[in-house]
Amino acid sequence: MEFLTTSEAADYVRLGERKLYELVTSGAIPCSKVTGKWLFPRQELDLWVLAGLARPAGMIAADPPPIVGGSQDDLLGWTLRESGSGLASLTEGTARGVDRLQRGEVIAAAVHFHSDDVTVEDANVAAVRAMPGLHDAVLVGLARREQGLLVPSGNPKQLHSLTDVVAAGAQMAVRQPGAGAQMLLDVLLTRAGASLKDLRRLEPPCLTGPDLAAAIRAGRADCGVATRAAAKSAGLDFVPLLWENFDLLMRQRSYFRPSIQALIDFIRQKGLKQRAAELGGYDPAPAGQIRFAA
449 MEFLTTSEAA DYVRLGERKL YELVTSGAIP CSKVTGKWLF PRQELDLWVL
499 AGLARPAGMI AADPPPIVGG SQDDLLGWTL RESGSGLASL TEGTARGVDR
549 LQRGEVIAAA VHFHSDDVTV EDANVAAVRA MPGLHDAVLV GLARREQGLL
599 VPSGNPKQLH SLTDVVAAGA QMAVRQPGAG AQMLLDVLLT RAGASLKDLR
649 RLEPPCLTGP DLAAAIRAGR ADCGVATRAA AKSAGLDFVP LLWENFDLLM
699 RQRSYFRPSI QALIDFIRQK GLKQRAAELG GYDPAPAGQI RFAA
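For the sequence shown, our numbering gives the first residue as 449, with consecutive numbering after it.
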């Protein structure tokens with residue numbers, strides 16, 4: 449991220465330095481004080497300017513409701529409860545969350561995309577860039593998460609990969625189409641030279657990771673793909689597969705809403721790191737970072 453000095457920032461936003469200091473004093477402009485000097489993140493200055501963009505009356509969209517849609521996540525759920533942001537959650541999976549964001553039905557969507565294109569380094573950024581309806585998108589990091597196979601304690605069927613799952617004819621709990629974990633399963637099956645039709649699937653699909661973990665714990669399935677945190681919470685064994693980016697997707701005009709700013713301020717604090725360590729399977733290093741802005 450590029451930082452500007454006070455004089456550079458004043459020139460960039462076309463304000464005098466005196467006016468800029470007034471905005472700093474009132475907390476009205478994004479900035480950071482380092483060793484006695486004010487620094488201004490250029491990317492956030494862009495968002496700050498766009499947040500005040502005036503449009504003709506016929507183009508003003510209604511403010512979205514204070515709801516975070518998209519993927520279910522234990523760390524995110526805790527953050528929404530503890531942050532005091534006033535944001536509620538609606539967990540329906542990554543794709544449904546993005547659909548609701550585009551229709552203005554949620555203020556943000558929690559996402560974790562996966563791609564079978566091995567040249568794609570960051571599936572979330574690639575997916576957002578390809579969305580024609582989100583030309584004003586902002587992607588804010590929450591954490592990196594560890595995904596893997598959830599299996600009963602002791603891993604009685606000795607399942608260590610999807611190849612093992614297919615070969616053993618194990619009953620697999622799956623997620624609904626459009627869920628990030630189901631995208632991941634599709635990608636991993638393709639890499640293993642298999643497909644969904646090769647699996648013995650538990651029906652109906654599980655709507656969240658904890659639902660999938662509960663199905664395995666109850667003995668209705670032998671395995672499923674979810675996070676390490678979901679496995680730990682349910683007392684299941686975990687076979688690690690990969691780490692993924694777990695981000696919050698929103699529009700630029702929503703980024704500076706008080707509820708979103710309260711959430712971002714909270715996830716940048718050390719309490720999130722402590723909770724992430726307690727839950728297991730999280731790397732909170734990206735928390736609060738703007739990972740992409742259209």
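For glycine and all other residues, C-beta sits at the position ideal for the given N, C-alpha and C.
No experiment lies behind these values; they were computed from the predicted model shown.
| Query | Result |
| --- | --- |
| With 16 other Cβ atoms within 10 Å as the buried cut-off, status of residue 614 | buried |
| Of the residues 532, 693, 657, 691, the one placed nearest residue 598, counting alpha carbons only | 657 |
| Per DSSP, cross-strand counterpart(s) of residue 703 | DSSP, once it has assigned bridges, lists no residue as partnering residue 703. |
| Straight-line gap, residue 559 to residue 636 (C-alpha atoms, nearest Å) | 18 Å |
| Under the three-state DSSP convention, the category residue 529 falls into | helix |
| Secondary structure of residue 553, DSSP reduced to three states | coil |
| Selected residue, minimal CA-CA separation from residue 687, among 566, 595, 722 | 595 |
| Local Cβ density within 10 Å of residue 586, reported as buried at 16 or more and exposed below that | buried |
| Per DSSP, cross-strand counterpart(s) of residue 688 | 596 |
| Inter-residue spacing [alpha-carbon to alpha-carbon] between residue 731 and residue 529 | 20 Å |
| Candidates 651, 652, 633, 666, of which the one nearest residue 643 by Cα | 633 |
| Coil, strand or helix - residue 734 by DSSP | coil |
| Residue 719, enclosing alpha helix (DSSP H) - first and last residue | 718-727 |
| Beta-carbon proximity list for residue 451, same chain, < 8 Å, skipping 5 on both sides | 480, 487, 488, 489, 490 |
| Burial state of residue 492 (16 or more Cβ within 10 Å) | buried |
| Given 8 Å, three or more beta-carbon pairs between the segment 537-546 and the segment 511-519 | yes |
| Cβ-based neighbour list, residue 666, same chain, cut-off 8 Å, excluding 5 preceding and 5 following | none |
| Spatially closest choice to residue 589 from 741, 722, 737, by CA coordinates | 737 |
| Residues near residue 691 by beta carbon distance below 8 Å, same chain, minus five either side | 592, 593, 594, 595, 731 |
| Euclidean distance between Cα positions of residue 566 and residue 638 | 12 Å |
| Residue burial classification, residue 571 (beta-carbon count within 10 angstroms, cutoff 16) | buried |
| Neighbourhood of residue 472 by C-beta, 7 Å cutoff - its chain only, sequence neighbours within 5 removed | 479, 486 |
| Straight-line gap, residue 631 to residue 674 (C-alpha atoms, nearest Å) | 12 Å |
| Residue 482 burial status per 10 Å Cβ neighbour count (16 or more: buried) | exposed |
| Cα-Cα separation, residue 576 to residue 583 | 9 Å |
| Contacts around residue 698, its chain only, beta-carbon distance under 6 Å, and the 5 residues preceding and following it disregarded | 556, 586 |
| Beta-carbon proximity check, residue 600 vs residue 689, cutoff 8 Å | no |
| Distance between beta carbons of residue 669 and residue 650, contact taken as under 8 Å | 5 Å |
| Simplified DSSP assignment, three categories, for residue 658 | helix |
| Unbroken alpha helix (DSSP H) run spanning residue 745, endpoints | This structure does not reach residue 745, given that the chain is present from 449 up to 742, and the question cannot be answered. |
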